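Chains as they are written, first to last, in the numbering used here: chain D, 1 to 158; chain X, 159 to 316.
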């Protein structure tokens, strides 16, 4: 368990996908901004570690690149936006420098639950089952819950 | 038919793949260089159109970006190298600006046929069958054969 809200619900709907579901105690517009405004992303995505947002052009065809200053060293992540539909849907590629050329497609939807809460669902599609399983065994779940707990604190303070 | 040698043999071994096979009349080291040296790539990849090689770092994790000056306008292509094993194997991602965030994995092998000929096989893996079929219906085959015919002329002149 992490601090903050309940951990994200992680499932594998098909053999090449990971589905992540999490509810945030904030209105949808606010959650959308937290995912798409570099000045806000930099405050939670790195799980408390310093994060350099080197590039983040949130438009179709734009690129993003983040570098996390993790205890073990720098960790780079990057990708490109396939679809940007505020405040509902964001589709982007995701690639970690440690495995360059292995690309997942992340489709994130933001659902207004009507009571100032927002459900965020990310469906990640991989080229192969092995890549999907590699991601699952990478410590992704812990890192994700740390990031989301940091986002909880930020949303609560806003 | 194009000028130069016989056109590439294009098949679909699975529902998310395209396989392209072509023999070139040149030793493997020379063909490898033609695919990995920016100064040579710029002379054939664009099918006779001007090609700007904006970025081409042929190492694992490096990026590439080409802009073709096609009759209808500029066409951008980019990706990242997953594996670089001279003179045998090159694995990279491939993305066209017209469909940003749609990423194929291209695995190209260079087989020395022992008589100063080289077989080049590219296997492209897509996230979905729809993306694969979109590529097949994009005019890819004609463009590819034009590029390879330009490469034939270059290899013959070398």
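From the three backbone atoms N, C-alpha and C, an ideal C-beta is built for every residue, glycine too.
Computed from a predicted model, the values in this text were never measured in an experiment.
Checklist entry - Is residue 308 of chain X buried or exposed, if buried means 16 or more other CB atoms sit within 10 Å of its CB? => result Numbered from 1 along the second chain, position 150 holds the residue referred to as residue 308 of chain X. Classification for residue 308 of chain X: buried.
Checklist entry - From residue 20 of chain D to residue 121 of chain D, what distance separates their C-alpha atoms? => result The residue labelled residue 20 of chain D in the question sits at position 20 within the first chain. The residue labelled residue 121 of chain D in the question sits at position 121 within the first chain. Cα-Cα distance, rounded: 6 Å.
Checklist entry - Touching or not, the stretch 286-294 of chain X and the stretch 192-211 of chain X, by the rule of three or more beta carbon pairs under 8 Å? => result no
Item to check | Proximal residues, the stretch 79-94 of chain D versus chain X, C-beta separation under 7 Å | outcome: 80, 81, 82, 91, 92, 93
Item to check | Close beta carbons around residue 100 of chain X, own chain, < 6 Å, minus the five adjacent residues each side | outcome: This structure gives no information on residue 100 of chain X, because the portion of chain X shown stretches from 159 to 316.
Checklist entry - Which residue from X:240, X:261, X:259 puts its Cα closest to that of residue 215 of chain X? => result Sequence index remark: in the second chain, residue 215 of chain X carries index 57 (1-based). Taking only the C-alpha atoms, the option nearest residue 215 of chain X is X:240.
Checklist entry - residue 103 of chain D touches chain X at which residues, Cβ-Cβ below 7 Å? => result One-based indexing of the first chain puts residue 103 of chain D at position 103. What residue 103 of chain D touches in chain X: 251, 261.
Checklist entry - What do you get for residue 127 of chain D, buried or exposed, if any count of 16 or more other CB atoms within 10 angstroms of its CB means buried? => result As a position in the first chain, residue 127 of chain D is number 127, starting the count at 1. Per the 10 Å Cβ criterion, buried.
Item to check | Residue ranges of each beta strand (DSSP E) within the stretch 29-67 of chain D, 3 or longer | outcome: 51-56
Checklist entry - What residues in its chain sit with their C-beta under 7 Å from that of residue 299 of chain X, if we drop five residues either side in the sequence? => result Translated into positions along the second chain, residue 299 of chain X becomes position 141. Here the set comprises 168.
Checklist entry - When the cut-off is 7 Å and only beta carbons count, does residue 3 of chain D lie next to chain X? => result On the first chain, residue 3 of chain D is found 3 positions in, with the first residue counted as 1. Here the model assigns residue 3 of chain D a pLDDT of 42, short of 50, so the residue's position is not dependable, and the following value carries that caveat. False, the Cβ-Cβ gap to chain X never drops below 7 Å.
Next on the checklist: Which same chain residues end up closer than 6 Å to residue 282 of chain X when comparing Cβ atoms and leaving out the 5 residues on each side of it in sequence?
Outcome noted: Counting from 1 along the second chain, the entry for residue 282 of chain X is found at position 124. Same-chain partners within the cutoff: 176, 262, 264.
Checklist entry - Does DSSP put residue 81 of chain D in a helix, a strand or coil? => result Taking the first chain and counting its residues from 1, the one referred to as residue 81 of chain D is at position 81. The answer is strand: DSSP assigns residue 81 of chain D an E or B state.
Next on the checklist: Residues of the stretch 27-60 of chain D in Cβ contact with chain X at a cutoff of 7 Å, in chain order, please.
Outcome noted: 60
Checklist entry - If you measure from the beta carbon of residue 127 of chain D to each beta carbon in chain X, is any gap under 7 Å? => result Along the first chain, read from residue 1 onward, the residue named residue 127 of chain D stands at position 127. By this cut-off, residue 127 of chain D is an interface position.
Item to check | Start and end residues, beta strand (DSSP E) containing residue 248 of chain X | outcome: Taking the second chain and counting its residues from 1, the one referred to as residue 248 of chain X is at position 90. 247-254 is the extent of the beta strand (DSSP E) around residue 248 of chain X.
Item to check | Cutoff 7 Å; reference residue 55 of chain D; Cβ partners in own chain excluding five residues on either side | outcome: Counting from 1 along the first chain, the entry for residue 55 of chain D is found at position 55. Answer for residue 55 of chain D: 63, 64, 65, listed in chain order.
Item to check | Run of the beta strand (DSSP E) containing residue 177 of chain X, from where it starts to where it stops | outcome: Position 19 of the second chain, counted from the start, is the residue given in the question as residue 177 of chain X. That run of the beta strand (DSSP E) goes 175-182.
Checklist entry - By a C-beta neighbour count over all protein chains shown, 10 Å radius and 16 as the cutoff for buried, is residue 166 of chain X buried or exposed? => result Along the second chain, read from residue 1 onward, the residue named residue 166 of chain X stands at position 8. The residue is buried, with at least 16 neighbouring Cβ atoms inside 10 Å.
Checklist entry - According to the neighbour-count rule (16 or more other Cβ atoms, all chains shown, within 10 Å of its Cβ), is residue 116 of chain D buried or exposed? => result Locating residue 116 of chain D in the first chain gives position 116, counting from the first residue. Exposed, because fewer than 16 other Cβ atoms sit within 10 Å of the Cβ of residue 116 of chain D.
Next on the checklist: Spatial neighbours of residue 204 of chain X within its chain, please: C-beta separation below 6 Å, excluding the five flanking residues on both sides.
Outcome noted: For this step, residue 204 of chain X is matched to residue 46 along the second chain. Hits under 6 Å: 226.
Next on the checklist: I want to see whether chain D comes within less than 7 Å of residue 142 of chain X, judged by CB atoms only; does it?
Outcome noted: Residue 142 of chain X lies beyond the range of chain X shown here (159 to 316); nothing can be said about it.
Item to check | Other residues of its chain near residue 70 of chain D: CB distance less than 6 Å, five sequence neighbours each side excluded | outcome: Counted from its first residue, the first chain places residue 70 of chain D at position 70. 49, listed in sequence order.
Checklist entry - residue 27 of chain D to residue 61 of chain D, Cα distance in whole Å? => result On the first chain, residue 27 of chain D is found 27 positions in, with the first residue counted as 1. On the first chain, residue 61 of chain D is found 61 positions in, with the first residue counted as 1. When rounded, the distance between both Cα atoms is 27 Å.
Next on the checklist: Please list, in chain order, the chain X residues whose beta carbon lies closer than 9 Å to that of residue 97 of chain D.
Outcome noted: For the purposes of this step, residue 97 of chain D is taken as residue 97 along the first chain, with counting starting at 1. Per Cβ cutoff of 9 Å: 219.
Checklist entry - Expressed to the nearest angstrom, what Euclidean distance is found between the alpha-carbon atoms of residue 107 of chain X and residue 296 of chain X? => result Outside the shown range of chain X, which is 159 to 316, sits residue 107 of chain X, and nothing can be said about it.
Checklist entry - Hey, quick one: how far does the alpha helix (DSSP H) through residue 282 of chain X stretch, first residue to last? => result Your numbering for residue 282 of chain X matches position 124 in the second chain. Note, residue 282 of chain X: premise wrong, no alpha helix (DSSP H); beta strand (DSSP E) at 276-283.
Checklist entry - Does DSSP put residue 232 of chain X in a helix, in a strand, or in coil? => result Within the second chain, residue 232 of chain X is the residue found at index 74, counting from 1. Note: residue 232 of chain X maps to strand in three-state DSSP.
Checklist entry - Who pairs with residue 262 of chain X in a beta bridge, going by DSSP? => result Within the second chain, the letter at position 104 stands for residue 262 of chain X. Residue 262 of chain X is bridged to X:252.
Item to check | Reference residue 52 of chain D, options D:111, D:84, D:74, D:156, closest by Cα | outcome: Taking the first chain and counting its residues from 1, one reaches residue 52 of chain D at position 52. The shortest C-alpha separation from residue 52 of chain D is found at D:74.
Item to check | Where the beta strand (DSSP E) containing residue 167 of chain X begins and where it ends | outcome: Locating residue 167 of chain X in the second chain gives position 9, where the first residue counts as 1. Counting along the chain, the beta strand (DSSP E) containing residue 167 of chain X begins and ends at 167-169.
Checklist entry - For the ligand FMN, any of its heavy atoms closer than 6 Å to the Cβ of residue 189 of chain X? => result With respect to small molecules bound, the structure shown includes none, and the ligand FMN cannot be examined in it.
Checklist entry - With which residues is residue 270 of chain X paired in a DSSP beta bridge? => result What you label residue 270 of chain X is simply residue 112 of the second chain in a count that begins at 1. According to DSSP, which records beta bridges pairwise, residue 270 of chain X is partnered with X:276.
Checklist entry - Skipping 5 residues on each side, what residues in its chain have a beta carbon closer than 6 Å to that of residue 159 of chain X? => result Translated into positions along the second chain, residue 159 of chain X becomes position 1. Only weak support is given to the placement of residue 159 of chain X: the predicted model assigns it a pLDDT of 37, under 50, and the value that follows is read from those uncertain coordinates. Within the same chain, residue 159 of chain X has no close Cβ partners at all.
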